[in-house]
Each structure stands twice: as structure tokens, then as C-alpha cells.
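Asks: One structure follows; several queries about it will come next.
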Amino acid sequence: MESTLISDWERPISAEELQEIEAAESFAIRRGRRRTCAHYETPPPRDSRRLPDWESRRTSSKQADLNGECHAIKFGGRVVYSRTVAEVEKATMELLESIESKGNVLDPIALGFDIEWRPTFRRGVALRKAAVMQICADASTCYVMHVIHSGIPSILQSLLEDPKYVKVGVSIANDAVKIWKDYKVCVKSVKDLSPLANLKVRGDPRNWSLASLTEMLTCKELEKPNKIRLGNWEVQILSLEQLRYAATDAFVSWHLYQILQSLPDIVHDQSIEQDNETTIT
């Protein structure tokens, strides 16, 4: 008789467990919103950091959004899903051709980058291999590659290892380390959005999540439903919900990078420094 016992990582998440997780995260998000958006309701203090002009222009619209619920940010472009070696090779070639068609290929190209893997629910059990890799180079198309089935073909490896393509995301260095451990492919030229944001926006430096950074810069919510986030990314074929989730994460990483790059670095207020020097002398 075949055993019916299953390991913890194979066990589906119960409705009660999902409710507990979502309740905890909902509480954390509500607290986070008070810390991120609320400071736009009052004029910025005259301190050592200055609100960029771009951010000032967004203040009124953000205040309006604060009166109601934040809208969810969505990826409205085309999702290219690939799961076999041939499909991943074709998708990568299409991505490269799309980049080259834009011109200025000698300049660094920003790629929104993220990975997904099946979670484990048992302490001491090694993480599962990265199952899905998503890459976005613009607002029109996102490539979702089911690498748990295809592996990483040489053309995709070349793209990942090419420093000309800057892979952007939050905690992206950890993703690069995981890809190396799982597939022995070195993801080169990565840019973390969290420290970049701390160079661009007013306030004390913090460790931004992709969701909190999305809300701060766009006043929109990046939805992270646990049923999808903690689901099985190793299935034979990803669901439409999984594809949308994966594509949105990569798109948002690319989109936020474009916003941050358009902002000037925060600078010290020279008038305050001069006042301090005068007082000291």
C-alpha cells in the first residue's frame, strides 16, 4: 500500500494559515502606509535634505489618493511565457532583438528582473531551485521563463552574464546568488532599487521592499496575494494568475528604476550649512 504521507513543502497551505499570514501582512502594510505616504500631507521640514522638484509636483495627486484606497498597479503589456529550451531561446532572442531595435545598444540597458521558487514550510529544509525567471525591458512586453523545466540555455546565460544589461530589482543581489547556486550562472551588473531610492528621496534611509517603494513613488499598491506568492511555481504550466504576478513584479522593477533615474540625487541644503558655520564663528 502506497504511503499517503507528504512532506511539508508538498502540503497545500490551509485557508486558516493563509488568513493568519494575510492578517499579519495587512497590519504591517497599514503601518507602512502611515510611514510612507503620510509625510506628504505636511510641508517638508527645512533640514539637510531637499524634496526633489519632481516629487513636489506629485504631492497633490498623492494626497488625493490618500483620501481613498490605493489603486493596484498593473502590467498592461504582452506576457511571453516559455517553458521548453526552444521556447526560452526564442524568447531571449526576441528580447535581444527588441533591445537592439531601440538603438543606443552601447549604453547600459535596464532590465527589470525577478525570480520565483516554490517555498518550503519546514525548518532546516534547503530552498527549492529557482523555478521562474521574469525579465522586462519596457512597458510593452515581459518575458516569463519557466527555467525549472528548461534550465538556462546558453543565449539566456549570455544575456545574464553581459554587464551591458543592468538587472534592476529589490534585493536583486540575493536573486543573483540564488541563480548561481541553482544553475551556476553568474548574473552580472545588478542594481538594487532600495539603496538607489535612499539617494533620491527625502527622509531617513530605509530598507525598501518592492511593494513599499511602489506605493511611495506611484501611490499605487503592488498586490502580493499569498495564494500566488506562496504557491507552486514548479507546476507543469503556470496559471494566468501566476503569469500576471510574475510579469508585474519584473515590470514594476523596471518602471521604478526609470522613475528613480529621472530624479536628482538629494543634496545638502547649502543655506543651512552656511548658517551653521556663521553661528560657530
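Each residue of the sequence shown is one higher than the one before, counting from 1 in UniProt numbering. Every residue, glycine too, gets a C-beta built ideally from N, C-alpha and C.
1. Looking only at its own chain, which residues have a Cβ that is under 6 Å from the Cβ of residue 84, when we skip the five neighbours before and after it?
2. For residue 8, name the three-state secondary structure that DSSP assigns.
3. Which residue comes first and which comes last in the beta strand (DSSP E) that contains residue 141?
4. What is the DSSP secondary structure of residue 166, counted as helix, strand or coil?
5. Go through its chain and collect everything with a Cβ distance to residue 265's Cβ below 8 Å, but skip five positions before and after it.
6. Can you tell me the Cα-Cα spacing of residue 98 and residue 262, whole angstroms?
7. With a cut-off of 8 Å on the beta carbons, I'd call residue 246 and residue 116 a contact; round off their distance for me.
8. Can you grab the Cα-Cα spacing for the pair residue 214 / residue 225, in whole Å?
9. So, with DSSP's three-state summary, where would you put residue 62?
10. How many Å lie between residue 120 and residue 229 at the Cα?
11. Let me check understanding here. Comparing Cα to Cα, which of 141, 173 and 130 lies closest to residue 152?
12. So, are the CB atoms of residue 239 and residue 146 less than 9 Å apart?
13. Grab the span of the beta strand (DSSP E) containing residue 134 for me, first residue to last.
14. Got a sec, what are the start and stop residues for the beta strand (DSSP E) residue 82 sits in?
15. Can you name, in chain order, every residue of its own chain whose Cβ lies under 6 Å from the Cβ of residue 232, other than the five neighbours on each side?
16. Which whole-angstrom value describes the C-beta separation of residue 190 and residue 142, a residue pair presumed to lie in contact below a C-beta threshold of 8 Å?
17. Is residue 172 helix, strand or coil when you go by DSSP?
18. Whole angstroms is fine: what's the gap from residue 220's alpha carbon to residue 108's?
Replies: With the given structure in hand:
1. Residue 84 sits at position 84 when you count from the first residue of the sequence shown. Only residues of its own chain outside the window of five on either side were considered, and among them 150 have a CB closer than 6 Å to the CB of residue 84, listed in chain order.
2. Here residue 8 refers to the residue found at position 8 of the sequence shown. Note that residue 8 scores a pLDDT of 45, beneath 50, so its modelled location is shaky; the value from the coordinates is reported in the next line. Of the three classes helix, strand and coil, the one that applies to residue 8 here is coil, per DSSP.
3. In the sequence shown, residue 141 corresponds to position 141, counting from 1. From DSSP, the beta strand (DSSP E) with residue 141 extends over 141 to 145.
4. The residue given as residue 166 occupies position 166 in the sequence shown. Residue 166 falls in the strand class under three-state DSSP.
5. As a first step, residue 265 is located in the sequence shown; it is residue number 265 there, counting from the start. The residues are 199 and 200.
6. By one-based count along the sequence shown, residue 98 stands at place 98. By one-based count along the sequence shown, residue 262 stands at place 262. When rounded, the distance between both Cα atoms is 23 Å.
7. Counted from its first residue, the sequence shown places residue 246 at position 246. Counted from its first residue, the sequence shown places residue 116 at position 116. For a cut-off of 8 Å, the C-beta gap from residue 246 to residue 116 is around 6 Å, short enough to register as a contact.
8. Your numbering for residue 214 matches position 214 in the sequence shown. Your numbering for residue 225 matches position 225 in the sequence shown. Residue 214 and residue 225: Cα-Cα distance of roughly 16 Å.
9. As a working mapping, residue 62 is identified with position 62 in the sequence shown. Any reading at residue 62 needs caution, since the residue's pLDDT is 48, under 50, leaving its predicted position unreliable; the model's value is listed next. Reduced to three states, the DSSP call for residue 62 is helix.
10. Counting from one through the sequence shown, the residue named residue 120 turns up at place 120. Counting from one through the sequence shown, the residue named residue 229 turns up at place 229. For residue 120 and residue 229, the distance between alpha carbons rounds to 12 Å.
11. What you label residue 152 is simply residue 152 of the sequence shown in a count that begins at 1. Ranked by how close their Cα comes to the Cα of residue 152, the residues 141, 173 and 130 have 130 in first place.
12. Start at 1 with the first residue of the sequence shown, and residue 239 comes out as number 239. Start at 1 with the first residue of the sequence shown, and residue 146 comes out as number 146. Their beta carbons are not under 9 Å apart, which means residue 239 does not touch residue 146 by this criterion.
13. Sequence index remark: in the sequence shown, residue 134 carries index 134 (1-based). Run containing residue 134: 130 to 136, per the beta strand (DSSP E) assignment.
14. Walking along the sequence shown from the start, residue 82 turns up at place 82. 78 to 82 is the extent of the beta strand (DSSP E) around residue 82.
15. Here residue 232 refers to the residue found at position 232 of the sequence shown. Hits under 6 Å: 118.
16. By one-based count along the sequence shown, residue 190 stands at place 190. By one-based count along the sequence shown, residue 142 stands at place 142. Actually they do not touch by this definition, with Cβ atoms about 18 Å apart.
17. Here residue 172 refers to the residue found at position 172 when the sequence shown is read from its first residue. Three-state result, residue 172: helix.
18. Within the sequence shown, the letter at position 220 stands for residue 220. Within the sequence shown, the letter at position 108 stands for residue 108. Looking at the two C-alpha atoms, the distance is approximately 28 Å.
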